[in-house]
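First up is the structure itself, then whatever we jot down about it.
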Amino acid sequence: MVEQPWDRLRLSTYLRAVLGPSTELQAVEPLGGNGRAADPKGFGYGQPFQVRCRVEGAVRTVVVARTRPVQGFGHDYPEDRAWQALYAHRAYNTFPGHVRSLDVGFRRADGELVSAADAVEFFQLVEKADGALYWLDLDRLLTGELRPLDVERATALARFLARAHGERRDEPTLYARRIRELVGHGECLMGILDSYPHPYPLLPSQDCEAMERAAVGWRWRLRSRAARLARVHGDFHPWNLLFGAGADFSVLDRSRGEWGEAADDTAALGINYLFFGLRRRASRGGRGVAEPFRVLWGSFFEAYLDASGDADHGRFLPPFLAFRALVVAHPVWYPNLDQSTRRALIGLAKRLLSSEHIDPLAVPELLSAGS
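Those letters in the sequence shown? Residues -6 to 364, by the numbering used here.
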């Protein structure tokens, strides 16, 4: 990343707003060694510089602290570095003996410096899309009959993902990060397992530990496969998809970074065909994934594999699908599930994490005998 130099006039305007209207900028200087010895530290997260100014007649030196915009170490995206600055402003000022943080701010694309020190909450303003959430289609099929449009929509979603995933990026640190976060992020496998009630009869603590150990094995098998790094959505599920007329749809709430593993997206949607299919079967007695949800699972994955040409998809799908199975089995997220459905989903997660690869089209068979 090539960084644009800081504009002195913009910096002067900002300092007057923070330190007082009498502030005069005198010098902007690098911050580092004192010239007497070579610094043995070859790399650091920070990229600070110091600013010498005069405030009400007295010389004052302040430091502009920034997180280095490099790939890796969880600093890949601007929002990662924003978190570091927002955290540091509060944390510096609540720890004894620490240098004080005077402000926290951000720099706009045009170079303007903006204070955010008083912020207590951040928000987005987004456009509103018309349509009906896709989960309503699946809910109708708990008791209704399959329409040609249902298959058309599943196929359209698959082809959309294949096109999106066709954009690739050569950045191994981002792929390793996505695989690492699948295992250890608070919203992913370990975080979800921690948030289950403990003790919980359907998921004893020793089973959680075994799944975490298996997930770490998956992490070390997958993390080096960076050639698969693709543009992803990150939370491509039926509550984030709005259908209008026919097979036209809009997408909501992209999450967890712009780049990752394609199987993350197919698992996020695909698990819901299994989830609703298990619910339909439970309502009528019996085990396994009921029709028409098996048809939708098959239609989705056949279309995706055909459009993407991803012959190795089944080698990457298991840990992502296991994570999603644990989400939809969760008693907090989905409190009113039949216990047989919950048990089947947890059993699926265990089997997936203990496998090496799967045939995506055969996954419903894993549930045909229950767990």
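Glycine included, every Cβ here is placed at the ideal spot set by N, Cα and C. A quick note: this is a predicted structure, and the numbers were derived from the prediction, not measured.
Less than 7 angstroms between the C-beta atoms of residue i and residue j, yes or no?
i      : j      : result
Phe366 : Phe286 : With the chain represented from -6 up to 364, any question about residue 366 goes unanswered, as that position is not in the structure.
Ala223 : Val176 : no
Ser248 : Gly227 : yes
Ala240 : Ala151 : no
Tyr266 : Trp232 : no
Ala260 : Arg317 : yes
Gln77  : Thr54  : no
Leu24  : Gln43  : yes
Pro311 : Ser361 : no
Ala147 : Ser301 : no
Arg335 : Leu195 : yes
Leu345 : Ala322 : no
Thr16  : Val52  : no
Near residue i, which residues of its chain fall below 8 angstroms by C-beta distance, leaving aside the five closest residues on each side in sequence?
i       : result
Val(-5) : The predicted position of Val(-5) is uncertain, since its pLDDT is 48 and thus under 50; no value can be drawn from it.
Glu205  : Val176, Leu182, Met183, Leu186
In terms of DSSP beta bridges, what is residue i paired with?
i      : result
Ser108 : Gly98
Ser243 : Leu235
Thr54  : Arg45
Trp252 : Arg224
Gly39  : Thr60
Gly165 : For the record, residue 165 in the displayed sequence is Pro; it is not Gly. Paired residue(s): none; Pro165 is not in a bridge.
Val21  : Val44
Candidates the options: which alpha carbon is nearest residue i's?
i      : options                         : result
Ala304 : Ser276, Gln332, Leu354, Val282  : Leu354
Gly159 : Asp299, Leu134, Ala112, Arg45   : Asp299
Ala109 : Leu142, Trp213, Leu131, Arg83   : Arg83
Val57  : Asp103, Ala220, Ser5, Ser243    : Ser5
Ala255 : Trp326, Arg161, Asp200, Glu295  : Arg161
Phe294 : Tyr7, Glu145, Cys201            : Glu145
His386 : Pro(-2), Arg133, Ala112, Arg171 : The chain is shown only over -6 to 364; residue 386 falls outside these bounds and no answer can be derived.
Glu142 : Gly210, Gly237, Ser15, Ala342   : In the sequence as presented, Glu is not what sits at residue 142; that position holds Leu. Nearest of Gly210, Gly237, Ser15, Ala342 to Leu142, Cα basis: Gly237.
Arg3   : Pro14, Arg45, Leu106, Val52     : Leu106
Phe309 : Val282, Gly253, Gln332          : Gly253
Gly307 : His350, Leu319, Asp0, Ala81     : His350
Just to confirm my understanding: we take residue i, look at its own chain, exclude 5 residues before and 5 after, and list those with CB closer than 6 angstroms. What are they?
i      : result
Phe229 : Asp258, Ala261, Leu262
Tyr85  : His91, Ser94
Tyr168 : Ala219, Leu222
Closer than 7 angstroms by C-beta to residue i: which residues in its own chain qualify, once you throw out the five before and the five after it? Chain order, please.
i      : result
Val11  : Leu95, Asp96, Ser108
Tyr297 : Ala151, Leu154, Ala155, Thr259
His178 : Gly184
At 3 residues or longer, and completely inside the segment 106 to 154: list those beta strand (DSSP E) runs for me, N to C. Annotation: the segment 106 to 154 contains the following complete segments of the beta strand (DSSP E) (minimum length 3 residues), in chain order: 106 to 108.
Which runs of the alpha helix (DSSP H) spanning at least 4 residues fall entirely within the segment 171 to 209, listed in chain order? Runs found: 182 to 188.
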